[in-house]
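Just so you know, the sequences run in chain order E and H. My numbering numbers the first residue of the first sequence as 1 and each following residue consecutively. My numbering numbers the first residue of the second sequence as 1001 and each following residue consecutively. Just so you know, even glycine gets a beta-carbon here, dropped at the ideal spot from N, CA and C. Structure, as structure tokens:
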Amino acid sequence: DTGVSQNPRHKITKRGQNVTFRCDPISEHNRLYWYRQTLGQGPEFLTYFQNEAQLEKSRLLSDRFSAERPKGSFSTLEIQRTEQGDSAMYLCASSPSLGGDRTDTQYFGPGTRLTVL
Amino acid sequence: DQQVKQNSPSLSVQEGRISILNCDYTNSMFDYFLWYKKYPAEGPTFLISISSIKDKNEDGRFTVFLNKSAKHLSLHIVPSQPGDSAVYFCAASPFGNEKLTFGTGTRLTIIP
């Protein structure tokens, strides 16, 4: 299967701990996105990368959140000093960035469900 | 401010009939629209998209209609099948910016 993969699928942590999630995009997709989804809501944009460059960050991404894509392939999302309000599904997506005047479809991974106790 | 709205949280349709899911948007800068389907414990799966230069796009049993003047789009599924039971999300993005804004979803249940 060459789809987007995310690890871990589930994470339970205590308030105040740090957590890190990993996303492996579809190979040769040079755009990678992070979204967060809470119960009863649609996914909300957090940030995205074009290769290794982080091009946009949402105001939802507080100082406790940091995302990296060091070699333009996989990406990590770290949350420091977790709070109960961080409990959500964290989704990663990738797109091929074909350029021109078309918008590229984003393909999503299965998500990492975070529970902060 | 909810820029993409799906006002029906749930919809039940008899197997074999047409399912129609609706979506409204408020941001006139949106020019690309997508529908995703989501099963529990999985990420959203892309279904079909439409750009603002078109008013209809078809892919098999799925057709998306766009009414720009009304800022409204709809997804038609014909005929509906039990495997179509899932949550459907409408999403939109402005030209040149791939940040997607999602609606809150509609849970579709197909009754055998």
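For residue i, the residue or residues it bridges with in DSSP
i               : result
residue 1006(H) : According to DSSP, residue 1006(H) bridges with nothing at all.
residue 1061(H) : Its beta-bridge partners do not exist; DSSP assigns none.
residue 1109(H) : 1012(H)
residue 71(E)   : Partner(s): none; residue 71(E) has no beta bridge.
residue 114(E)  : 11(E), 88(E)
residue 78(E)   : 20(E), 66(E)
residue 1019(H) : 1077(H)
residue 44(E)   : 36(E)
residue 53(E)   : 50(E)
residue 93(E)   : 33(E), 108(E)
residue 26(E)   : Answer by DSSP bridge pairing: none, since residue 26(E) is not bridged.
residue 1116(H) : Only positions 1001 to 1112 of chain H appear in the structure, and residue 1116(H) is not among them; the question remains open.
residue 1031(H) : BP columns for residue 1031(H) are empty, so no partner.
Below-8 angstroms beta-carbon distance, residue i vs any chain E residue
i               : result
residue 1037(H) : no
residue 1099(H) : yes
residue 1008(H) : no
residue 1034(H) : yes
residue 1052(H) : no
residue 1030(H) : no
residue 1062(H) : no
residue 1069(H) : no
Within chain H, the residues that residue i reaches when beta carbons sit closer than 7 angstroms
i              : result
residue 111(E) : 1043
residue 91(E)  : 1043
Chain H contact residues for residue i, given Cβ-Cβ distances below 9 angstroms
i              : result
residue 108(E) : 1036, 1038, 1042, 1043, 1044, 1045, 1046
Whole-angstrom C-beta distance between residue j and residue i, which should lie under 8 angstroms
i               : j               : result
residue 83(E)   : residue 15(E)   : 6 angstroms
residue 1024(H) : residue 1072(H) : 5 angstroms
residue 1045(H) : residue 1038(H) : 7 angstroms
residue 1098(H) : residue 95(E)   : 6 angstroms
residue 46(E)   : residue 32(E)   : Not confirmed; about 11 angstroms, so no contact.
C-beta neighbour in chain H for residue i, strict 8 angstroms
i              : result
residue 43(E)  : yes
residue 48(E)  : yes
residue 87(E)  : no
residue 15(E)  : no
residue 24(E)  : no
residue 28(E)  : no
residue 105(E) : yes
residue 94(E)  : no
residue 56(E)  : yes
Cross-chain neighbours of residue i in chain E, by beta carbon under 7 angstroms
i               : result
residue 1105(H) : 42
residue 1102(H) : 42, 43
Chain-ordered chain H contacts of residue i [CB-CB under 8 angstroms]
i             : result
residue 63(E) : Near residue 63(E) there are no residues of chain H at all, since even the closest Cβ is about 21 angstroms away, more than 8 angstroms.
residue 31(E) : 1098
Contacts that residue i makes with chain E (C-beta to C-beta distance below 8 angstroms)
i               : result
residue 1080(H) : Residues of chain E passing the Cβ test: none, with the nearest at roughly 22 angstroms.
residue 1074(H) : The premise fails here: residue 1074(H) is roughly 17 angstroms from chain E at the closest Cβ pair, so nothing lies under 8 angstroms.
residue 1065(H) : Within chain E, no residue comes near residue 1065(H); the closest Cβ sits about 19 angstroms away, beyond 8 angstroms.
is_contact[residue i, chain C] using C-beta, thresh 8 angstroms
i               : result
residue 1049(H) : Looking for chain C here will not work: the only protein chains present are E and H.
The ligand PLP heavy atom lying under 7 angstroms from the CB of residue i
i             : result
residue 24(E) : Among the components of this structure there are no ligands whatsoever, and the ligand PLP is therefore not found.
Where are the beta strand (DSSP E) runs, 3 residues long or more, that stay fully inside the region 1066 to 1104 of chain H, in chain order?
Listed in chain order, they are 1072 to 1077, 1086 to 1094.
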